[in-house]
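S.K.: This is the structure I want to talk about, given as structure tokens.
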Amino acid sequence: MTIRVKHTVAVLTSRDTQFKKAMWYPDVTLAEVIIDTFEKQASGNFAVPVSSIETLSMGDIDAVRGFYLETETACKIRINGSLDSIDLVPSGSGFSAKLFLEAELDSVIVENESADTILNGVFVFWGDPTA
């Protein structure tokens, strides 16, 4: 199986609302990245009980190269055993918080800090079958 990951940069920074005094704009070499070579994926749903953590399963992927997670509840994500976390917070009621990473991953831990709400979400890992 091959998974295609495609990014397009669409950021323009300016000092005025008409964008006449552009401070930064995407260069053609930065505008698009396409990566095709992933042979395995592992995905599923997760439910983290209140005030608990869960390590997400990477299945049989030996060399994980990317990750996507989506949840409707605020949570903390710890990557590769780090003590620092990424705080995911939906932007409002009815919205989802999403995290997409292209990186070498060893572990992903999801932490539910809520004292009264179960944390539900979906995730996908992708990568090569061997390192």
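196 is the number of the first residue of the sequence shown in my numbering; add one for each residue after it. Quick reminder that beta carbons are idealized off the backbone N, C-alpha and C, glycines included.
1) For F262, which beta-bridge partners are listed by DSSP?
2) When the Cβ atoms of the segment 294–311 are set against those of the segment 255–275, are three or more pairs found closer than 8 Å?
3) My understanding is that E305 touches F241, with C-beta atoms under 8 Å, so please give their C-beta distance in whole angstroms.
4) Can you tell which of D282, G254, I313, S288 has its C-alpha closest to the C-alpha of S247?
5) Please name the residue in D311, G316, R260 whose C-alpha comes closest to that of F290.
6) Compare the Cα-Cα distances from L264 to each of P285, D257, T212, P244 and report the closest residue.
7) I believe L296 touches F318 by the beta-carbon criterion, under 8 Å. Please report the beta-carbon distance rounded to the nearest angstrom.
8) Cβ of T250 versus every heavy atom of the ligand GTP: is any distance shorter than 7 Å?
9) What are the start and end residues of the beta strand (DSSP E) that includes D282?
10) Please name the residue, chosen from S280, P244, T212, L251, that lies closest to F320 on a Cα-to-Cα basis.
11) Taking the C-alpha atoms as reference points, what is the distance between M196 and G239?
12) So E268 and S309 are in contact, right, with Cβ under 8 Å, and what is the actual spacing, rounded?
M.R.: Reading off the structure:
1) According to DSSP, which records beta bridges pairwise, F262 is partnered with L296, F320.
2) yes
3) At residue 305 the sequence reads Val, which differs from the Glu that was named. Right, their Cβ atoms sit about 6 Å apart.
4) I313
5) G316
6) P285
7) With a Cβ gap of about 11 Å, L296 and F318 do not count as contacting.
8) This structure lacks the ligand GTP; in fact it carries no ligand of any kind.
9) 281–283
10) L251
11) Caution applies to M196, whose pLDDT of 49 falls short of 50 and renders its modelled position unreliable; the model cannot decide the point.
12) This sequence places Thr at residue 268; Glu is not what is there. That pair is a contact at about 7 Å.
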